[in-house]
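**Q** Mind having a look at this structure? Questions to follow.
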Amino acid sequence: MNLLELKDVTKQFGGLTAVDSLSLSMEKGEILGVIGPNGAGKSTAFNCIAGVFPPTKGEVIFDGQVINGQKPWDLCKKGLARTFQIVKPFASKSVLYNVTVGAFVNTSSRGEAEAKAIDVLKLLNFDDKKDAKSSDLTIADRKRLEIARALATAPRLLLLDEVMAGLRPAEVDEMVEIIRFLREQGVTILVIEHIMRAIMALSDRIVVIHFGKKIAEGTPETVASDENVIKAYLGD
Ligand code: ADP
Ligand code: MG
């Protein structure tokens with residue numbers, strides 16, 4: 001059974017069709033990359049999955065259950081976690097505090113949540129920064145914090161929206177390693193990314209979106225040489 005399935009998902013904003021009858025599926029343990037030019041509808045599709053808003057039409061199915069209209073918090077409790085393209089941690093709070101907030105999804109005591117948070121920080125080699133104020137972190141470390149916070153909710157499916165935007169090449173490489181490592185921990189991962197090199201290196205499979213529609217799907221090699229994909233990017 002697929003862990004995630006989108007069936008003809010459409011999202012309209014007034015007269016604008018941002019996502020247009022999009023279907024895709026993800027197997028457990030897979031890293032699926034979603035790419036497409038700016039404004040293609042990637043974040044909108046992502047938001048339909050994460051429960052930010054329901055699709056106008058179609059079905060989002062997680063673990064065999066239609067989840068249209070369910071709220072992010074409830075989805076998170078079911079094992080579907082996300083990061084935000086614009087990183088919004090509690091800026092004045094410490095790294096540990098922020099990750100502990102994530103861990104509260106599945107725990108009820110502060111001590112337990114904090115212990116979980118420390119485990120996650122160790123896993124990401126980030127525990128040396130646990131007392132740092134979030135607003136003092138570099139962009140790369142804020143992205144890492146976002147991932148730590150999502151990971152603390154113990155997700156089965158992790159949605160990543162442009163976690164590599166604004167990173168230097170060496171930091172991109174490090175993020176690729178982190179994402180690979182998470183998959184080894186059993187997390188299924190949907191990656192939306194503009195940085196082609198990273199998504200090509202990471203993904204088992206790639207879905208390409210243009211004007212809200214899927215225009216190609218396949219292995220990184222297949223989509224990279226697809227005529228429609230090349231045209232979509234050259235026209236960007
Ligand atoms: P991508 O993430 O691929 O760059 P988006 O999903 O952010 O693209 O945007 C797809 C289209 O939907 C764009 O034309 C964008 O302006 C529009 N859009 C996105 N979010 C909203 C919103 N909340 N209200 C109105 N239009 C939106
Ligand atoms: Mg986007």
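With the UniProt record's numbering applied, the sequence shown covers 1 to 236.
Even glycine gets a Cβ: it sits at the ideal position worked out from N, Cα and C.
Predicted, not measured: the structure shown is a model, and the values here were computed from it.
Within a Cβ cutoff of 8 Å, which residues of the same chain sit near R183, ignoring the five residues on either side of it in sequence?
**A** Correct list, in chain order: G29, I31, I189.
**Q** Could you pull the start and end residues of the beta strand (DSSP E) that R156 belongs to?
**A** Segment: none, R156 is in no beta strand (DSSP E) and carries neither H nor E.
**Q** Straight-line CA distance for S94 to K130?
**A** Each residue's Cα considered, the two are about 7 Å apart.
**Q** Using the C-alpha atoms, what's the distance from K11 back to residue 251?
**A** Outside the displayed span of the chain (1 to 236) sits residue 251, for which this structure offers no information.
**Q** Does the beta-carbon of K143, which I'm using as the reference point, lie nearer than 6 Å to any heavy atom of ligand 2?
**A** K143: no, Cβ never under 6 Å from ligand 2.
**Q** The beta strand (DSSP E) with L4 in it runs from where to where?
**A** L4 -> beta strand (DSSP E) spans 4-13.
**Q** Taking the alpha helix (DSSP H) that S43 falls in, what are its first and last residues?
**A** Unbroken alpha helix (DSSP H) run through S43: 42-50.
**Q** Between R156 and V176, how many whole angstroms is the CB-CB distance? I'm expecting something under 8 Å.
**A** R156 to V176, Cβ: 21 Å. No contact.
**Q** Quick one, which of E221, E146, S225 has its alpha-carbon nearest R82's?
**A** Measuring from the Cα of R82, the nearest candidate turns out to be E146.
**Q** Confirm, please, whether the CB-CB distance from T153 to C48 is below 7 Å.
**A** Cβ atoms of C48 and T153: not closer than 7 Å.
**Q** Quick check: does the Cβ of N106 come within less than 6 Å of any heavy atom belonging to ligand 1?
**A** Checking every heavy atom of ligand 1 against the Cβ of N106, none is found closer than 6 Å.
**Q** Considering only residues of the region 108-178, which uninterrupted beta strand (DSSP E) runs meet the minimum length of 3 residues and lie entirely inside it, listed in chain order?
**A** Whole beta strand (DSSP E) segments, 3+ residues: 157-161.
**Q** Under 7 Å, do A140 and E171 count as touching if we go by C-beta distance?
**A** The answer is yes: Cβ separation under 7 Å.
**Q** In the DSSP output, what is K213 paired with across the bridge?
**A** DSSP output for K213 lists H210 as bridge partner(s).
**Q** So which residues touch the region around ligand 1, with touch meaning a C-beta under 6 Å from any heavy atom?
**A** Having a Cβ closer than 6 Å to some heavy atom of ligand 1 are F13, L16, A18, G36, N38, G39, A40, G41, K42, S43, T44.
**Q** Can you tell me which of I215, V99, N125, Q70 puts its alpha carbon nearest to the alpha carbon of A40?
**A** That would be I215, whose Cα lies nearest to the Cα of A40.
**Q** Checking the sheet assignment: what are the DSSP bridge partners for E59?
**A** DSSP output for E59 lists K7 as bridge partner(s).
**Q** For A201, which of L6, G33, L4, G15 has the nearest alpha-carbon?
**A** Of the listed residues, the one whose Cα sits closest to A201 is G33.
**Q** So what's A81 in DSSP terms, helix, strand or just coil?
**A** The answer is strand: DSSP assigns A81 an E or B state.
**Q** Three or more beta-carbon pairs under 8 Å between the region 211-229 and the region 7-21, yes or no?
**A** The region 211-229 is in contact with the region 7-21.
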